[in-house]
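Throughout, our numbering is defined as the position within the sequence shown, counted from one, plus 29.
Remarks on the structure that follows.
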Amino acid sequence: MTSDRNGNRPAARPEGRSSRRGERPGRSTRRRGSGARGVAGLVDDVLTDGAALVGRRGRRGRGDGGGERTFLGLSTGKAVILAVVVCALALTLAYPLRTYVSQRSDASYVAAERVVLEERVRDLQIRKDQSDDPAYITAQARERLGFVMPGETPYQVQLPGARARSDIANDPPPPPPGPWYSELWSTATVPR
30 MTSDRNGNRP
40 AARPEGRSSR
50 RGERPGRSTR
60 RRGSGARGVA
70 GLVDDVLTDG
80 AALVGRRGRR
90 GRGDGGGERT
100 FLGLSTGKAV
110 ILAVVVCALA
120 LTLAYPLRTY
130 VSQRSDASYV
140 AAERVVLEER
150 VRDLQIRKDQ
160 SDDPAYITAQ
170 ARERLGFVMP
180 GETPYQVQLP
190 GARARSDIAN
200 DPPPPPPGPW
210 YSELWSTATV
220 PR
């Protein structure tokens with residue numbers, strides 16, 4: 030190391046740290062050949078470094094592509110972080126939202142079913158009230174079963190072509206259809 034004018038040696042910094050602010054560790058504060066020049070050499074060094082910084086700033090400001098890219102006014106890194114956060118929020122809210130929508134549709138289905146069941150309960154309540162009435166029971170016995178009170182003469186009017194319900198229930202079942210080709214042959218040969 031060289032000494033300055035007073036003969037004092039500069040204090041050595043551990044791990045190559047510089048006494049100047051803003052310099053990177055491991056870099057020497059002196060340039061080659063500037064040791065003997067003194068203050069004039071330091072001024073030249075500062076002016077050279079300052080010109081280099083101004084030149085870099087000037088290039089960045091002119092839009093030569095040296096600047097950082099932006100997206101919606103945010104730097105690319107911030108835009109990526111924002112996109113990741115938005116995606117995380119969307120994925121976090123997707124399952125609860127799907128559950129909410131399905132529960133809403135289930136709730137509307139249950140409400141419609143409730144209305145139907147309440148109507149059925151009203152109908153059954155009316156039928157229960159009717160079954161407690163002795164006049165209704167008597168009328169149903171006469172109509173459905175053909176019962177008569179003691180001393181009454183029953184009679185039935187039969188119209189031509191009309192059949193009683195009991196006769197329809199006692200009809201024999203229709204014959205089972207034959208194979209398809211016999212049905213086809215009968216439709217071709219039998220006139221209608």
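Every residue, glycine too, gets a C-beta built ideally from N, C-alpha and C.
All figures in this text were calculated on a predicted structure; none of them were measured in a lab.
* Asked: Starting from Arg-133 and walking both ways along the alpha helix (DSSP H), at which residues does that stretch end?
  -> 105–160
* **Buried or exposed (CB count within 10 angstroms, at least 16 for buried), Asp-93** => Residue confidence for Asp-93 is low, a pLDDT of 48 falling below 50, so the modelled location carries little weight; the figure read from the coordinates is stated next. Exposed, by the Cβ-count rule.
* Asked: DSSP puts Thr-167 in a beta bridge; with which residues?
  -> Beta-bridge pairing links Thr-167 to no other residue.
* Asked: Which of the three DSSP states, helix, strand or coil, is assigned to Thr-182?
  -> It is coil, neither helix nor strand.
* Between Arg-175 and Pro-163, is the Cβ-Cβ spacing less than 8 Å? -> Per the sequence presented here, residue 175 reads as Gly, with Arg not at that position. Against a cut-off of 8 Å, the Cβ pair of Pro-163 and Gly-175 comes out as no contact.
* **Separation of Leu-101 from Ser-63, as counted between CA atoms** => Caution applies to Ser-63, whose pLDDT of 44 falls short of 50 and renders its modelled position unreliable; the model cannot decide the point.
* Going by DSSP, name the residue or residues bridged to Thr-218. => DSSP links Thr-218 through a beta bridge to no other residue.
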